[in-house]
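*Asks:* One structure coming up, written as structure tokens, with questions to follow.
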Amino acid sequence: MSASDDANDTNDTNDTNGADDAGGIDLEAYADVWVFVEVHDGDVMAVSWELLEEGKKLTAKTGEDLVALVIGEDLDAVVREALERGADRVLVADDPVFEPYRADPYGAQFRAMVEERKPSIVLIGGTHTGRDFAGRVAVPTHAGLTADVTEIDVDDDGLLQARRPAFGGDILATILCEEHRPQMATVRPGVFEPGEPDLDGDFATVDEAITAVDVVVDESETISEVLERNVGDTTDITEADRIVAVGAGIEGDLEPAIDLAEALGAELVASRAAVDEGWVDGSRQVGQTGKTVRPELYVALGISGAIQHVEGMNKSGTVIAINTDPNAPIFEHADYGIVGDFADVCPRLAKSLRERDL
Ligand code: FAD
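The end of the sequence shown is residue 381 by the working numbering, with every number in the run present.
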């Protein structure tokens, strides 16, 4: 593996896990682009469909198959949707042992499939789940794993170019895995757009496209048991159409922001400064170390527009910034700017929206 990134930003597993002892790897034995489709209680994480769409661009260049990998329980509808969304083939491991998610059965199953079927590229959503088990696959299989990727491409030789911010976001590092396979990446949710499913597609050969793989995990052998689940804030801000974002400038006064968010039917998110202050939950942080969002409308309240924040919202549709400082950088990224105190502006905007019933 060659990496232009700092070592902490990637899991370059090749130097430390005895890969050399494993002997020369026959790169030609590895083929196809796999996309992990993450399912919890029948719900598919949006990043899975984003990656499937992006995977099509890779296989259009490499000429390989795009393979959806689905692990969970009662997966028929998900398998069908993967085909409708453009997977050439689906590998499915359907068993109660996979629901709810636990790292050890997922990791063991995924690893067995990788070792048996030898994919060239494996894309996994950079969700809690994806980040949790990807290392369990990468280390024993001697794969190269790049974490938190924001751009992907392949070169003429089919080598994955995994790009991600490095050194505090100052540079975009391109990570290559030249000597080992598979080339794995966890990809940040929200940076790619999902495609539309082809609901009228001809899936006459659907059975041939679906492979039910052997489930290699047995409940009696798993080392963890789920005794209780405490589900906190489950809102996925990456799927919100409208967003009101708060920054340090609100100084803990959330009420006007919540009022505006309610009037707009928007989700409330925050800059890192506001999250660090404890005003908003960390799952709602936007930016380089938070989430990437692409709503139709993004209203920024008391946010200066630091590059690390802008990185997470600059794919939004219409951006409105409200800031007391006319020179705040956020205005460079805004379609509409209001120079003023958010505590004055928000109630007036909210009132006007309610009167117009927008
Ligand atoms: P500030 O920069 O303090 O801006 C506050 C703004 O509020 C100012 O522009 C001020 O004029 C305005 N204001 C003050 N009073 C009012 C008022 N009454 N009404 C209206 N406006 C008012 N940041 C992120 O957001 N997300 C990230 O993921 C992230 N990741 C980072 C990763 C790294 C490695 C590093 C080094 C930094 C990261 N940061 C991130 C932090 C980032 O650099 C900024 O520090 C942060 O975004 C600033 O937050 P802010 O705009 O809310 O606060």
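A virtual CB, placed ideally from N, CA and C, is assigned to each residue, including glycine. Small disclaimer: the values here were computed from a predicted structure and weren't measured.
In whole angstroms, what separates the C-alpha of G305 from that of A52?
*Replies:* One-based indexing of the sequence shown puts residue 305 at position 282. One-based indexing of the sequence shown puts residue 52 at position 29. Looking at the two C-alpha atoms, the distance is approximately 43 Å.
*Asks:* Using only CA atoms, which one of D276, R265 and G335 lies nearest to L291?
*Replies:* Residue mapping note: residue 291 aligns to position 268 of the sequence shown, counting from 1. Nearest option by C-alpha distance: R265.
*Asks:* Which same chain residues end up closer than 6 Å to V70 when comparing Cβ atoms and leaving out the 5 residues on each side of it in sequence?
*Replies:* The count along the sequence shown starts at 1 and reaches residue 70 at position 47. Same-chain partners within the cutoff: G148 and P212.
*Asks:* One question on the structure: do G272 and L324 come within less than 8 Å of each other, judged by their Cβ atoms?
*Replies:* Working through the sequence shown from its first residue, we reach residue 272 at position 249. Working through the sequence shown from its first residue, we reach residue 324 at position 301. Result yes, Cβ atoms of G272 and L324 sit closer than 8 Å.
*Asks:* Just to confirm the assignment, what range does the beta strand (DSSP E) spanning M136 have?
*Replies:* For the purposes of this step, residue 136 is taken as the residue at position 113 of the sequence shown. Per DSSP, M136 belongs to no beta strand (DSSP E); it is in the alpha helix (DSSP H), A126 to R140.
*Asks:* How big is the Cα-Cα spacing for A245 and D380?
*Replies:* In the sequence shown, the residue the question calls residue 245 occupies position 222. In the sequence shown, the residue the question calls residue 380 occupies position 357. Per the sequence shown, the amino acid found at residue 245 is Thr instead of Ala. So the two alpha carbons sit approximately 54 Å from each other.
*Asks:* Quick check: L5 and V56, are their CB atoms within less than 8 Å of each other?
*Replies:* Absent from the model: residue 5. The displayed extent of the chain is 24 to 381, so no value can be given.
*Asks:* Pull every residue with its beta-carbon under 5 Å away from any heavy atom of the ligand FAD, and keep them in chain order.
*Replies:* Qualifying residues, in the order they occur: G191, G270, A271, G272, S294, R295, A296, G310, Q311, T312, G313, G325, I326, S327, A329, Q331, H332, N346, T347, D348, A351, D364 and F365.
*Asks:* Tell me where the beta strand (DSSP E) around H63 begins and ends.
*Replies:* In the sequence shown, counting from the first residue as 1, residue 63 sits at position 40. Run containing H63: V56 to H63, per the beta strand (DSSP E) assignment.
*Asks:* May I have the straight-line CA-CA distance separating P370 from G335, to the nearest angstrom?
*Replies:* Along the sequence shown, read from residue 1 onward, the residue named residue 370 stands at position 347. Along the sequence shown, read from residue 1 onward, the residue named residue 335 stands at position 312. Approximately 26 Å between the Cα atoms of the pair.
*Asks:* Measuring CB to CB, does P205 end up less than 8 Å from A170?
*Replies:* One-based indexing of the sequence shown puts residue 205 at position 182. One-based indexing of the sequence shown puts residue 170 at position 147. Contact flag unset, no.
*Asks:* From G47 to E202, what does the alpha carbon distance come to, in whole angstroms?
*Replies:* Residue 47 sits at position 24 when you count from the first residue of the sequence shown. Residue 202 sits at position 179 when you count from the first residue of the sequence shown. If I take the Cα positions, the gap works out to 9 Å.
*Asks:* Going straight from the alpha carbon of R187 to that of T173, what length do you get?
*Replies:* Here residue 187 corresponds to residue number 164 of the sequence shown, with the count starting at 1. Here residue 173 corresponds to residue number 150 of the sequence shown, with the count starting at 1. Going by the C-alpha atoms only, they are around 5 Å apart.
*Asks:* How would you write the range of the alpha helix (DSSP H) that T85 sits in, first residue to last?
*Replies:* Here residue 85 corresponds to residue number 62 of the sequence shown, with the count starting at 1. Note, T85: alpha helix (DSSP H), A69 to T85.
*Asks:* Going along the chain, which residues of its own chain have a beta-carbon closer than 7 Å to the beta-carbon of A157, five neighbours each way excluded?
*Replies:* Here the question's residue 157 lines up with position 134 in the sequence shown. These residues qualify, in order along the chain: I147, L168, M207 and T209.
*Asks:* Between the Cα of A196 and those of I175, V238 and V214, spot the shortest distance and give me the residue it belongs to.
*Replies:* Counting from 1 along the sequence shown, the entry for residue 196 is found at position 173. Measuring from the Cα of A196, the nearest candidate turns out to be I175.
*Asks:* Quick one, are the C-beta atoms of I343 and D367 less than 8 Å apart?
*Replies:* What you label residue 343 is simply residue 320 of the sequence shown in a count that begins at 1. What you label residue 367 is simply residue 344 of the sequence shown in a count that begins at 1. The answer is no: Cβ separation not under 8 Å.
*Asks:* Work out the CA separation of A293 and V303 for me, nearest whole Å.
*Replies:* By one-based count along the sequence shown, residue 303 stands at place 280. By one-based count along the sequence shown, residue 293 stands at place 270. Between V303 and A293, the C-alpha separation is close to 7 Å.
*Asks:* Would E382 and P217 qualify as a contact pair, given that the criterion is a beta-carbon distance under 8 Å?
*Replies:* Not covered by the structure: residue 382. The range shown for the chain is 24 to 381.
*Asks:* Would you mind sorting N346 into buried or exposed? The rule is 16 or more other CB atoms within 10 Å of its CB.
*Replies:* For the purposes of this step, residue 346 is identified with residue 323 of the sequence shown, where counting begins at 1. Buried, because 16 or more other Cβ atoms sit within 10 Å of the Cβ of N346.
*Asks:* Could you check what DSSP says for K374 in three-state terms: helix, strand or coil?
*Replies:* Numbered from 1 along the sequence shown, position 351 holds the residue referred to as residue 374. Helix, per DSSP.
*Asks:* Would you kindly work out how many angstroms separate the C-alpha atoms of L106 and H63, rounded to a whole number?
*Replies:* By 1-based counting over the sequence shown, the position of residue 106 is 83. By 1-based counting over the sequence shown, the position of residue 63 is 40. Spanning the two alpha carbons is a distance of roughly 19 Å.
*Asks:* In angstroms with no decimal places, state the Cα-to-Cα distance between A297 and D237.
*Replies:* On the sequence shown, position 274 is the one that residue 297 refers to. On the sequence shown, position 214 is the one that residue 237 refers to. One C-alpha to the other measures close to 47 Å.
*Asks:* Can you tell me whether I326 is helix, strand or coil according to DSSP?
*Replies:* Along the sequence shown, one-based indexing puts residue 326 at 303. I326 falls in the coil class under three-state DSSP.
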